[in-house]
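Numbers 4 to 191, taken from my numbering, label the letters of the sequence shown in order. Yeah, the Cβ is synthetic: ideal placement off N, Cα and C, and Gly gets one too. Since the structure comes first, as structure tokens, the remarks are kept for the end.
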Amino acid sequence: EKAYTAGERIESNAAVFLASSGTDISRLDVNGTVGDARSFGRSESAADDTAKTAMRFNESFGFTVSKIKVFLKKAGAPTDSAKVGIQASSGGNPSGTFLGSATLAGSSITTSQVEYTFTLDSEVDIVKDTDYYIVFQATVGEDNVNYYVAGGDTSVYANGGSKGYDNGGWSSESTTNDIVFQLLVSTV
């Protein structure tokens with residue numbers, strides 16, 4: 004019986020058993036205290052308002068993602084939902100097409116940073132050494148009073164950074180304002 008470590012290649016036709024059939028293997032980026040990182044669902048009337056936000060990630064091994072855990076809070080009382088999902092990279096930005104996503108009603112989100120689990124509507128196969136984005140957006144509109152804020156920290160995640168979308172384009176990537184995320188993996 005061989006014990007595997009994270010990132011180690013598993014040979015074709017090898018049998019792998021998890022401690023429990025309900026166990027998720029996680030990729031986690033929590034390097035400090037969770038605070039506010041980037042807002043989303045805001046109207047684009049001011050320079051710091053963002054309709055969408057994203058966190059790029061890139062891993063050295065392939066796996067399949069079934070859920071994403073993130074920290075969120077709301078400002079005001081959004082009547083729509085927060086949508087979180089994974090998009091491929093296209094030209095150094097999110098592609099605009101969700102590979103898998105999930106929503107959570109704004110009425111279910113608190114006004115302080117809390118961890119939420121989003122179960123994707125489709126599992127996403129992550130190819131090693133390839134850029135992907137976790138994208139955050141409101142499902143209906145943009146509002147400067149009622150919007151969402153993704154939780155983050157100021158520690159540096161070595162394999163990615165965050166960016167916001169406003170005024171028709173994506174901003175440059177910030178590597179000092181990480182969005183905290185956890186990918187729950189169904190297969191490696």
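The criterion of a C-beta distance shorter than 8 Å is not satisfied by ASP128 and GLY44. For GLU126, the enclosing beta strand (DSSP E) covers residues 117-129. Cβ neighbours of ALA161 within its own chain (closer than 7 Å, five residues either side excluded): none. The beta carbon of ASN96 sits closer than 6 Å to those of TRP173, all from its chain and outside the five residues before and after it, given in chain order. Rounded to the nearest angstrom, the gap between the Cα atoms of ILE182 and VAL143 is 22 Å. In this structure, GLY103 and ASP134 do not form a Cβ contact; the two beta carbons are roughly 16 Å apart against a cut-off of 8 Å. Secondary structure at GLY94: coil, using DSSP grouped into helix, strand and coil. For ALA78, the enclosing beta strand (DSSP E) stretches over residues 66-78. Ranked by Cα distance from LEU75, the first of PHE121, LEU187, THR178, THR179 is PHE121.
The criterion of a C-beta distance shorter than 8 Å is not satisfied by PHE101 and GLN116.
Only residues of its own chain outside the window of five on either side were considered, and among them ALA57, ARG59, GLN90, PRO97 have a CB closer than 6 Å to the CB of TYR136, listed in chain order.
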